[in-house]
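Here's the structure, in structure tokens; my notes come after.
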Amino acid sequence: MRTVLTREMDGRRVLGPIWSGWRRGLAVSTAPEDAGFGIETRHHRQPRGSRLRSGPLGDQPFPGLLPKNLSREELVDALRAAVVDRKGPLVTLNKPQGLPVTGKSGELTLLSVLPELSQSLGLGEQELQVVRASGKESSGLVLLSSCPQTASRLQKFFTHSQRAQRPTATYCAVTNGIPTASEGKIQAALKLEHIDGVNLTVPVKAPSRKDILEGVKKTLSHFRVVATGSGCALVQLQPLTVFSSQLQVHMVLQLCPVLGDHTYSARVGTVLGQRFLLPAESTKPQRQVLDEALLRRLHLTPSQAAQLPLHLHLHRLLLPGTRARDTPIELLAPLPPYFSRTLQCLGLRLQ
């Protein structure tokens with residue numbers, strides 16, 4: 000067991016134990032909380048005796064999501080409110096789900112507003128650049144640096160850790176289904192394939208050397224089931240490779256798609272209660288279908304479930320200490336309010 004220095008959102012430093020590469024317990028609450036996105040994350044108190052249509056947790060099924068059609072100024076304000084840590088040239092954000100890091104010219108992305116965010120944080124001409132980030136559909140930690148040398152050092156650290164198969168990132172996911180094993184490794188060769196105008200990640204069985212040369216990549220993730228309930232699981236995921244939609248596809252291969260995965264969950268079919276994989280190349284993306292019992296537990300209608308956000312959150316990131324022998328520094332991002340709401344609905348509690 001080793002101890003790492005952590006920083007919580009209120010700026011307090013605490014010591015947290017690390018056991019066998021996993022942090023014992025997630026910094027989560029089973030009650031919805033404000034994750035610091037700055038916009039539409041506060042919960043309005045209901046009058047006594049009022050009835051809530053979506054269950055005991057409020058009339059907003061997905062609290063904490065960014066509103067649509069934000070202006071640049073509103074997005075900058077939301078990102079400034081989402082800062083969870085600042086130290087030297089490093090700025091850490093808790094990115095809201097649905098915000099792309101990069102995109103086409105003219106699109107509103109994290110990268111496109113970094114100049115304004117840098118000014119808003121008082122960095123002057125020291126413009127921030129992205130060092131590490133969760134994807135568009137996932138939420139969680141984004142590591143930024145205003146110093147190119149620091150960014151380069153951290154990139155080398157992440158690359159070296161990946162080659163040594165030492166995980167630096169830990170995601171939290173809620174899955175529709177419970178993995179057979181309580182923990183283990185998921186290995187799969189993946190490739191990007193253009194299907195019906197969309198780039199999708201597709202597994203490749205027994206890839207040849209030619210396949211590898213043509214872009215097929217062998218991928219690896221660690222997983223551990225933290226809690227189970229109502230046919231779902233709270234899972235920690237640690238990717239040891241980097242590939243588009245790797246964690247979502249890995250959980251589909253376990254027949255346990257991530258809740259809110261409206262891209263790859265259709266690849267899991269069910270007949271007489273038994274799950275099986277459908278051919279990835281011929282299965283088109285579609286809205287995730289949840290059974291009636293799960294909809295009741297989540298207090299959602301089918302139309303609301305069609306808008307369910309992806310429950311995949313980059314919760315923890317390890318950084319190197321100042322000196323080679325220093326204990327790694329741990330950054331944490333609280334779960335989004337909608338994620339905490341789901342945990343409460345499903346009765347998922349940390350052991």
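Per numbering that gives the first Met the number 0, residue 0 is the first one in the sequence shown, and the count goes up by one each step. Built from N, CA and C at the ideal position, the CB exists for glycine as well.
Residues that DSSP places opposite residue i in a beta bridge
i           : result
residue 383 : Here the chain has residues from 0 to 350 only, and residue 383 is not among them.
residue 344 : Its beta-bridge partners do not exist; DSSP assigns none.
residue 85  : 90
residue 182 : 223
residue 106 : Beta-bridge pairing links residue 106 to no other residue.
residue 192 : 199
residue 136 : In the DSSP output, where bridge partners are listed per residue, residue 136 has none listed.
residue 257 : 174
residue 238 : 220
Under the three-state DSSP convention, the category residue i falls into
i           : result
residue 79  : helix
residue 202 : strand
residue 267 : strand
residue 49  : Low local confidence applies: a pLDDT of 32 at residue 49 is under 50, so the model's placement there is unreliable, and no value is given.
residue 303 : helix
residue 339 : helix
residue 210 : helix
residue 118 : helix
residue 187 : strand
residue 100 : coil
residue 112 : helix
residue 69  : coil
residue 334 : coil
residue 233 : strand
residue 64  : coil
Residue interval of the alpha helix (DSSP H) (run including residue i)
i           : result
residue 249 : 245–252
residue 162 : 147–162
residue 124 : Note, residue 124: premise wrong, no alpha helix (DSSP H); not H, not E.
residue 318 : Residue 318 -> not in any alpha helix (DSSP H); beta strand (DSSP E) instead, spanning 311–318.
residue 226 : Premise fails: residue 226 lies in the beta strand (DSSP E), 216–228, not in any alpha helix (DSSP H).
residue 292 : 291–297
Span of the beta strand (DSSP E), counted from its first residue to its last, around residue i
i           : result
residue 92  : 89–94
residue 274 : 273–276
residue 172 : 168–175
Whole-Å CB distance - residue i paired with residue j, under 8 Å assumed
i           : j           : result
residue 195 : residue 203 : About 19 Å separates the two Cβ atoms, so there is no contact after all.
residue 151 : residue 313 : Not really, about 21 Å apart at Cβ, beyond 8 Å.
residue 228 : residue 347 : 5 Å
residue 131 : residue 156 : With a Cβ gap of about 10 Å, residue 131 and residue 156 do not count as contacting.
residue 286 : residue 261 : 5 Å
residue 88  : residue 145 : 4 Å
residue 100 : residue 67  : That belief does not hold up - the Cβ atoms of residue 100 and residue 67 are roughly 18 Å apart, past 8 Å.
residue 127 : residue 107 : The Cβ separation is near 17 Å, so there is no contact.
residue 133 : residue 140 : 6 Å
residue 304 : residue 294 : 6 Å
residue 216 : residue 179 : With a Cβ gap of about 25 Å, residue 216 and residue 179 do not count as contacting.
residue 75  : residue 119 : 6 Å
residue 182 : residue 129 : Wrong, their Cβ atoms sit about 31 Å apart, outside the cutoff.
residue 308 : residue 221 : That belief does not hold up - the Cβ atoms of residue 308 and residue 221 are roughly 24 Å apart, past 8 Å.
residue 251 : residue 270 : The Cβ separation is near 17 Å, so there is no contact.
residue 337 : residue 63  : 5 Å
residue 235 : residue 169 : 6 Å
Residue i CB to nearest heavy atom of the ligand FMN below 6 Å
i           : result
residue 341 : The ligand FMN is absent from the structure shown, which contains no ligands of any kind.
Legend entry - the stretch 113–129 touching the stretch 287–300, judged by at least three CB pairs closer than 8 Å: They do not touch, by the three-pair rule.
Legend entry - Touch test, the stretch 229–240 against the stretch 273–280, Cβ-Cβ under 8 Å, three pairs minimum: As far as the Cβ criterion goes, the stretch 229–240 does not touch the stretch 273–280, which means the pair count is below three.
Inset, instruction - Spell out a yes or no on whether the stretch 252–259 and the stretch 170–190 are touching, meaning 3 or more CB-CB pairs, one atom from each, closer than 8 Å. - result: Touching, yes.
Inset, instruction - Could you say if the stretch 240–248 and the stretch 179–196 meet the contact criterion of at least three C-beta pairs nearer than 8 Å? - result: Yes: at least three Cβ pairs fall under 8 Å.
Inset, instruction - Decide if the stretch 88–96 is in contact with the stretch 325–336; the criterion is three or more beta carbon pairs, one per stretch, under 8 Å apart. - result: Touching, per the Cβ criterion.
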